[in-house]
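Here is the structure we will look at.
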Amino acid sequence: MVVEAVMILWGMEHKLPLVDLLKVENPQLTKLLFAAFYHDTGQREGAQAHEIRSVEFAKANLADFFDQKSLDEIGGRIMATCMERRADGRICQVPAKDLADAILQDADMFNLGSTDCLTQWKISCSLYKELFGASDLFAYDNSTSFIDDSIKFFKDHQYQTASGQRLLDLGKAHNIHALQLKSLSNMFALATI
Amino acid sequence: MEQRIVVTQDLTETFRLAKDLRNEFIQQNAAALRPALELLASLPAEKSFHNLDP
Chain A
0 MVVEAVMILW
10 GMEHKLPLVD
20 LLKVENPQLT
30 KLLFAAFYHD
40 TGQREGAQAH
50 EIRSVEFAKA
60 NLADFFDQKS
70 LDEIGGRIMA
80 TCMERRADGR
90 ICQVPAKDLA
100 DAILQDADMF
110 NLGSTDCLTQ
120 WKISCSLYKE
130 LFGASDLFAY
140 DNSTSFIDDS
150 IKFFKDHQYQ
160 TASGQRLLDL
170 GKAHNIHALQ
180 LKSLSNMFAL
190 ATI
Chain B
0 MEQRIVVTQD
10 LTETFRLAKD
20 LRNEFIQQNA
30 AALRPALELL
40 ASLPAEKSFH
50 NLDP
């Protein structure tokens, strides 16, 4: 989904019809798409700091296809998908260096504003487990604190691109509303979403 | 409570087109993408869900 989301957001940001996206070679887009394909490969060894391993894996496997400068660019893009805990306690994406970073970040968080977000809640839990450090996923995902932490995360998150905001802000607001209802009622098991 | 979250925009067709483009990109760069695709395919769903098909 992230790769497709990058394509959609790139096209929108550059006012380029999606059907024309690959008709003309664009090195920057190519490297961004490689970053999108490789950005979660470090998950094999676990979520913690997986972006660093993703960069290593990408550089090791792409050395025959890109020069060093391009490898560094792809690595930098992957690192743009990192999250950080700010001084005020908010968990946010690291600052985007440029539009391409912002597109990848929005693509990586595309699901927050999509209809799949809560219907895929069980597997989405892994993201929040990673973010909030829950030790027991299945004890956590039905708890009020999990829902409240999720609401806070959704609210703190901001789509970086104009296209991401236009396309996804309303969907995210719906998802936040659904979570708030869930938090208030606390009657339904999350597994039934 | 509504179990299905409201669809704000129907992106189904857009994603279908993007998926075609992704497949085209994979074909164009098959050798370079193979390691990533094989690794992602081996991950459990909870670690790779948002890299999979929408």
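Chains as they are written, first to last, in numbering that gives the first Met the number 0: chain A, 0 to 192; chain B, 0 to 53.
Where is the CB? At the ideal position from N, CA and C, for every residue including glycine.
1) From which residue to which residue does the alpha helix (DSSP H) around A/Arg89 run?
2) Going by DSSP, what residue range makes up the alpha helix (DSSP H) through A/Glu83?
3) Tell me whether A/Leu178 is buried or exposed, calling it buried when 16 or more other Cβ atoms sit within 10 Å of its Cβ.
4) Alpha carbon to alpha carbon, what distance is there between A/Leu20 and A/Leu28?
5) Compare the C-alpha of A/Lys30 against each of A/Leu8, A/Phe65, A/Met108, A/Ala101 and name the closest.
6) Which residue comes first and which comes last in the alpha helix (DSSP H) that contains A/Gly45?
7) Within 10 angstroms of its Cβ, does A/Leu183 collect 16 or more other Cβ (buried), or is it exposed?
8) Are A/Met0 and A/Phe109 touching if we call contact CB-CB under 9 Å?
9) Please list, in chain order, the chain A residues whose beta carbon lies closer than 7 Å to that of B/Glu23.
10) Does A/Glu24 come out as helix, strand or coil in the three-state DSSP assignment?
11) By the DSSP assignment, the alpha helix (DSSP H) with A/Met0 in it spans what residues?
Judging by the given coordinates:
1) No alpha helix (DSSP H) holds A/Arg89; DSSP gives it neither H nor E.
2) That residue, A/Glu83, is in no alpha helix (DSSP H); its beta strand (DSSP E) goes 82-84.
3) Classification of A/Leu178: buried, given that the 10 Å Cβ count is 16 or more.
4) 9 Å
5) A/Phe65
6) Looking at the DSSP string, A/Gly45 is not in any alpha helix (DSSP H), and its letter there is neither H nor E.
7) exposed
8) yes
9) Leu21
10) Taken through DSSP and simplified to helix, strand or coil, A/Glu24 comes out as coil.
11) It is not in any alpha helix (DSSP H) - A/Met0 carries neither H nor E in the DSSP assignment.
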